[in-house]
Amino acid sequence: MGRSKDVEECHVVLSEHAAEVAATELGAKGLQIPGGMKVHGDKTMQVPFASGSAKFEAMAIVPCSMGTLGRIAHGYSDGTIARSADVFLKEKRKLILVPRETPWNLVQARNVVTLLEAGAVMLPAIPSFYGKPKSVEDVADTVVARILDHLGISNDLVKRWKSGGEKEQA
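Residue numbers 949 to 1118, in the numbering used here, belong to the letters of the sequence shown in order.
Written out as structure tokens, the structure reads:
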């Protein structure tokens, strides 16, 4: 995804496992971060969005492991991601969590409920198929489009559903 005119500033925080998982899932291509995005590790608090005084509007954790989700649900701010999520919750700013692990056990389900009650948006990485995606990338884009929608970022990644049962072309 390129830079959107809807986005003033974008930061990426990589957990210690992110690069490893990306290499496994994406192969030699690995994780490709578009230019203009500021990249941080998960062991620093020297980022503006880890403070309530910084005016960031939204945060999305994609994907959000159940371990990270549990730490956020219980206020255990052991790194940049969890601390920043804690700030977004306390400041009543939009926090979107995108878990992809299934099935959930009861502890995980309760953590999800705790975060929903705290004001987080839970957006499981569940793709849609009514637009008849033609590739794995198209399937992934159905989830990405929903995340961008909730962040208030315009996108034309997917066919939109129109009233009357007709699909709008992307």
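We put the CB at the ideal spot given by N, CA and C, even for glycine. Quick caveat: nothing in here was measured; it's all calculated off a predicted structure.
In the three-state reduction of the DSSP assignment, valine 995 falls in the coil class, being assigned neither a helical nor a strand state. About 11 Å separates the beta carbons of valine 1091 and proline 1081, which is beyond the 8 Å limit, so they are not a contact pair. Within the same chain, Cβ atoms closer than 8 Å to the Cβ of aspartate 1097 are found at Asn1103, the five residues on either side in sequence being excluded. Measuring C-alpha to C-alpha distances from glutamate 956 to each of Ala971, Leu1105, Lys991, Phe1004 identifies Phe1004 as the nearest. By the criterion of a C-beta distance shorter than 6 Å, glycine 1079 is surrounded in its chain by Val1106, Lys1107, once the five residues flanking it on both sides are discounted.
Two segments are said to touch when three or more pairs of C-beta atoms, one from each, lie closer than 8 Å; by this definition the region 998-1014 does not touch the region 972-983. Beyond the five residues adjoining it in sequence on each side, threonine 1016 comes within less than 7 Å, by CB distance, of Ile1009, Ile1029, Ala1030 in the same chain, given in chain order. In this structure, aspartate 990 keeps its C-beta atom at 8 Å or more from the C-beta atom of glycine 1100. For the pair leucine 962 and valine 995, the CB atoms are not nearer than the 8 Å cut-off.
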